[in-house]
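**Q**
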Amino acid sequence: MGTLIAYSSTLGCTEQCVSRLKGDLGPGVDLYRISRRRKINFSKYRTVIIGGSIHEGMIQRAVRSFCETNLKELLKVEVGLFICCVDPGENEDELLKEVFPDKLLGHALAKSYFGGELNFKKMNLMQKIMTRKKERLEVMPEIDFDRILAFAERLQERNA
């Protein structure tokens, strides 16, 4: 049985993280872009990883809907959850609690924050204005590839 990574990406950061995660996990990993809304045969997968990006404190609506719609199926498999965010604030765990359903969060084998990055080329005008107003960013955000690797290793330990 394989692994499914279900994700949504607004500006490409999450997609970049998913690509790295797939490589760290090795063969047998399928990718599923949640916004495409294809049917999933969960019986093919031992592990389902779900992730998305945080904008203004909220994860994409498609990710939240995916989790809620498929909650019964997700509770039957091993689950990993992750978020990408430029500025998670004081506590990444609190942000995870805000964006994923409680039952799913409690069931998850691995939970993580992968960092984030700003891609001004892909932003619309409103996103650029909102980003520039956030002067509290003291350092340029970046993806934390070490956390992605640690997340993959945590899931592989459980599957060994």
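So the sequence shown is residues 1011 to 1170, counted in our numbering. Quick reminder that beta carbons are idealized off the backbone N, C-alpha and C, glycines included.
Out of curiosity, what's the CA-to-CA distance linking R1164 and F1092?
**A** 13 Å
**Q** Could you say which of G1022, E1167 and E1083 lies nearest to N1051 if we only look at CA atoms?
**A** E1083
**Q** V1058 and V1028: beta carbons closer than 8 Å?
**A** no
**Q** Which class does V1162 belong to by DSSP, given the choice of helix, strand or coil?
**A** Note that residue 1162 corresponds to Ala in the displayed sequence, not to Val. Looking at A1162 - three-state DSSP - the assignment turns out to be helix.
**Q** Looking only at its own chain, which residues have a Cβ that is under 6 Å from the Cβ of V1109, when we skip the five neighbours before and after it?
**A** Correct list, in chain order: I1069.
**Q** Where do the ends of the alpha helix (DSSP H) carrying F1076 lie?
**A** R1071 to T1079
**Q** From A1072, I1064, D1034 and G1033, pick the residue whose C-alpha is nearest to that of A1016; which is it?
**A** A1072
**Q** Going along the chain, which residues of its own chain have a beta-carbon closer than 7 Å to the beta-carbon of G1038, five neighbours each way excluded?
**A** In its chain, beyond the 5 residues on either side, G1012 and T1013 have a beta carbon closer than 7 Å to the beta carbon of G1038.
**Q** Can you list, in chain order, the residues of its chain with a C-beta nearer than 7 Å to that of V1149? Leave out the 5 residues immediately preceding and following it.
**A** Residue confidence for V1149 is low, a pLDDT of 44 falling below 50, so the modelled location carries little weight; the figure read from the coordinates is stated next. Same-chain partners within the cutoff: there are none.
**Q** Compare the C-alpha of F1161 against each of N1080, R1048, G1090 and N1101 and name the closest.
**A** It is G1090 whose Cα lies nearest to the Cα of F1161.
**Q** Grouping DSSP H, G and I as helix and E and B as strand, with all else coil, what is K1113?
**A** helix
**Q** Mind reading off the beta-carbon distance from R1113 to L1081? Whole number of angstroms is fine, and I expect it under 8 Å.
**A** The sequence given here has Lys at residue 1113, not Arg. Right, their Cβ atoms sit about 6 Å apart.
**Q** Please say whether L1106 and L1119 have beta carbons closer to each other than 8 Å?
**A** no
**Q** Who are the near neighbours of L1174 in its chain, counting only those whose CB is closer than 6 Å to its CB and skipping five residues on each side?
**A** This structure cannot settle anything about residue 1174, because the visible part of the chain is limited to 1011 through 1170.
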